[in-house]
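Read in order, the letters of the sequence shown are residues 29 to 746 in my numbering.
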Amino acid sequence: MESKSGFSLRAQLFSLVILITLISFIGSLWSSIESTRSYLNQQMQSHAQDTATSLGLSISPYMNQQVDGNSMVVATMISAIFDSGYYSSINLTDIDGKDIFNRSNGLLFENVPTWFIESFRLSSTAQVSEINDGWQMAGVLSVKTHTGSSYQKLWQHAVQSFYSSLAIGVLALLLAHLLLKSILQPLNKLEQQALDVTSRQFPIISQLPLTRELRIVTLAMNNMVANIQQNFEQMTEHAQTLADEVYIDHLTKLGNRRSFNNQFSAFQQELNSNDLATLGLVQITSLQTVNNQQGFQQGDAYVCEVSEFLTNALREHPGSYLFRANGSSFFFMIKGAGEQVVSFCEHLQLELNKRNNKRYPHGYANVVATAYDCNNKISAILSQLDTWLTQERSITKSGDVYHYLSQNAKNQQKKETGWGLREWSELIENLKQQQRVELSFQPILSFLSILKTPIVKASTVKASTAKSSTPKKSINRASVTTQEVIYYELFSLFEYRGEAISNNQLHAMAERLEQSQQLDKLVLKHLATESGNGFKFKANAKVAINLSHQSLYSGDFKDWLVDFILTHQAHLPALVLELNEEDLLSSIKSSQTFIKTFKHLNVEICIQRFGASVSSFKYLKDLNVDYIKLDASYINDLEAHHQTNHFIQAVTQIAHGVGIRVIAPNVEQSQTLHMLKDLHCDGVQGNIIQPTLKLDPNWYNVTENKLCINSPVGVKLD
């Protein structure tokens, strides 16, 4: 939103006032000079005529040139008058027109600019008086006034008028400025209030303007903003209540069993074929005894104590999740399954064992954990965890804490995740130098795009998603313009020694080694390289990059990214930065600063995994974001539980109320599409829309400026 575009009312009003003042100043100055010029012209003519008449009467007795001395007297009288300096010429002629006496003075204008004389001409005409000798006409006296003194008077008057008019004009402008300021200041507050509302802020103007019309408008705006805020808070509380009732354990404020099932399914969908993750089970072994002997209040305190301990312990692994599955069981999920995770689980059990005492006759708590991949079923994993927990060689004796679902899984873990910190550090450094990264993408389509695609049988959906990402001629291609695509999310796959690296493990270790921002830089540099090598998006295409927690809070990375965008903006598509909700909530103020920096560069912001946190949704009004991407667990739960529908609908209403678009990821079923349409989501992402494809210039029709979406499926919504 370009809030500062256009010619402001302040600028228009001040320009009008200045223009009117300038016109008035020039007009009044010109009028004053012209009136003075006209007056001086009349004065010179009158003065010349009076002089000619009086001088003519004075010299008439001496016009007889035959009398000795008369000529001398006439010359003396004329010279006496002429020498005063006010006359340009005095000429005495006889009745035949012959000069008897003639005096003239050159035009000299001291201290008067030439441009002024040329702009304001003074006309001095000769005035004539007839001279008689008795009853006979003896001659003609012609007198012409000198304009020099008149020009000096006119110039002095012009200067005085200029400064006096200027002083009046400045005073008028000052008064107009004060008046307009008193009028425009409330308007500026109203403008800022409107802009704040678009940024999810709800300020109230406490100081009302004195002007009646502005006061009415300000009161109306205050009422509107108060209603918007109240509506936002009510919808937020409603959504939070729905989430708490369905997904939150009321005692520990952790996710409950239903939340765990949804999160596990979403978590597992994100795993690549070579990724491993860890699922752990913590059993509070003495809870029933404490409840029976010490009461349920002590039992609840026992549960909360274990919950707090586990929460603090899992902070060592960013991106981990903790749930209370039932009265005495907790589940935790960790990205990756390396030696560090195994050591963590073993250390966790040792710390729990230290809390054993007589108060807990069956031990404080026990831990079992296992590695799993994208193909393992949750029911089989949980059954095996229960089995390990209840085996005769329990973990409280001498058993293992970390287990494997199969020997192949154990071998795979040792092969891919058995490195230490030094090996992982060397690997990341090698990735930085070799830049061995492969990018893939998946579009997020608006529902308008989906409405235009043809109906495809449901069987085609299943078959198509299992196909290779390599496009084939048999695949039905739907050309979708970038105007119908909200944006494209990029995914990265790193290679080392010719083999793909487990993304989960790589990013987990990068976070631990504080190297995550280096991986983010590597992805962005690779995108810039690809864009500069002939791969072109349409001008309005947008590409989303996922940023890590460390990148979000690194000042050096922020500065680097600003320079990167400014340097490569000529050939890069518009960027969307996807940030995890959990990362944003770590520091709202820092997140606000980060978002503000990139909003000034026209970079859009998306909150991904929205709703995964148990925090209140009220934080949305403090962050100027463009999109929220729902946590995939809500999408997976959509068909099974109708309460999720109400929650998504409430979130959509909240987001739309503050100008945020809602995206539903991981959509795999056509029925889910129908439900999301009714819930008014703005965008959809998932294999049913478009599977993830390699970022390859050969798949793009550049001549038609269209992206060829290799989607085997199109679902038409009725």
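Backbone N, C-alpha and C define an ideal beta-carbon position, used for all residues, glycine too.
For residue i, the first and last residue of its enclosing alpha helix (DSSP H)
i, result
"residue 141", "Note, residue 141: premise wrong, no alpha helix (DSSP H); not H, not E."
"residue 109", "98-110"
"residue 670", "670-685"
"residue 702", "698-706"
"residue 273", "240-275"
"residue 225", "176-226"
"residue 87", "37-87"
"residue 660", "660-664"
Host beta strand (DSSP E) of residue i (start-end)
i, result
"residue 361", "357-363"
"residue 165", "164-173"
"residue 155", "155-161"
"residue 432", "430-432"
"residue 637", "632-638"
"residue 602", "602-608"
"residue 625", "Residue 625 -> not in any beta strand (DSSP E); alpha helix (DSSP H) instead, spanning 616-627."
Neighbour-count burial assignment, residue i, 16 or more Cβ in a 10 Å radius
i, result
"residue 361", "buried"
"residue 70", "exposed"
"residue 777", "The chain is shown from 29 up to 746; residue 777 falls before or after that span and cannot be answered."
"residue 324", "exposed"
"residue 706", "exposed"
"residue 127", "exposed"
"residue 106", "buried"
"residue 345", "buried"
"residue 751", "The requested residue 751 is not part of the displayed model; the chain covers only 29 to 746."
"residue 65", "buried"
"residue 421", "Only weak support is given to the placement of residue 421: the predicted model assigns it a pLDDT of 42, under 50, and the question is left unresolved by the model."
"residue 262", "exposed"
"residue 43", "exposed"
"residue 39", "exposed"
"residue 35", "exposed"
"residue 91", "buried"
"residue 430", "buried"
"residue 689", "buried"
"residue 216", "exposed"
"residue 476", "exposed"
"residue 386", "exposed"
Reference residue i; option with closest CA among the options
i, options, result
"residue 557", "616, 533, 646 and 467", "467"
"residue 660", "43, 637, 225 and 675", "637"
"residue 158", "327, 470 and 169", "169"
"residue 75", "50, 177, 87 and 126", "177"
"residue 384", "312, 364 and 99", "312"
"residue 343", "372, 307, 217 and 546", "372"
"residue 397", "404, 386, 356 and 412", "412"
"residue 45", "589, 207, 578 and 345", "207"
"residue 568", "47, 604 and 186", "604"
"residue 555", "370, 253 and 469", "469"
"residue 129", "151, 103, 154 and 142", "103"
"residue 663", "294, 62, 202 and 464", "294"
"residue 544", "370, 431 and 452", "452"
"residue 353", "692, 320 and 282", "282"
"residue 68", "167, 185, 139 and 88", "185"
"residue 152", "627, 175, 525 and 310", "175"
"residue 695", "627, 674, 684 and 720", "720"
"residue 164", "89, 269 and 376", "89"
"residue 273", "689, 718, 675 and 369", "675"
"residue 656", "512, 624 and 606", "606"
"residue 2", "167, 626 and 617", "Residue 2 lies beyond the range of the chain shown here (29 to 746); nothing can be said about it."
"residue 211", "242, 223 and 196", "242"
"residue 141", "110, 99, 335 and 187", "187"
"residue 333", "52, 309, 358 and 512", "358"
Supposed close pair residue i, residue j - CB separation, criterion 8 angstroms
i, j, result
"residue 147", "residue 132", "In fact, because the Cβ distance is near 26 angstroms, the residues do not count as touching under 8 angstroms."
"residue 520", "residue 551", "5 angstroms"
"residue 280", "residue 331", "6 angstroms"
"residue 228", "residue 710", "Going by Cβ atoms, the distance from residue 228 to residue 710 rounds to 17 angstroms, so no, they are not a contact pair."
"residue 351", "residue 686", "Actually they are not in contact, since the Cβ atoms of residue 351 and residue 686 sit about 30 angstroms apart, beyond 8 angstroms."
"residue 307", "residue 356", "Incorrect: roughly 17 angstroms between the Cβ atoms, too far for contact."
"residue 276", "residue 254", "So it is not a contact: roughly 30 angstroms between Cβ atoms."
Residue i Cβ short of 7 angstroms to the ligand COA heavy atom set
i, result
"residue 187", "Ligands are entirely absent from the displayed structure, and the ligand COA is therefore not among its contents."
Residue i at chain D interface by Cβ criterion, 8 angstroms
i, result
"residue 521", "Annotation note: the requested chain D is absent from the structure, which comprises a single protein chain."
task = Please go through the region 523-593 and give each complete alpha helix (DSSP H) segment of 4 or more residues, from N-terminal end onward.
result = Within the region 523-593, the complete alpha helix (DSSP H) runs of at least 4 residues are 531-540, 544-560 and 577-580.
ask   = Hey, which unbroken runs of the beta strand (DSSP E) at 3 residues or more fall wholly within the region 338-422?
value = Listed in chain order, they are 349-352, 357-363 and 394-400.
request  = Go through the region 293-323 residue by residue and report every complete run of the alpha helix (DSSP H) that reaches 4 residues or more, in order.
outcome  = For the alpha helix (DSSP H) assignment, the uninterrupted runs of no fewer than 4 residues enclosed by the region 293-323 are, from N- to C-terminal side, 315-322.
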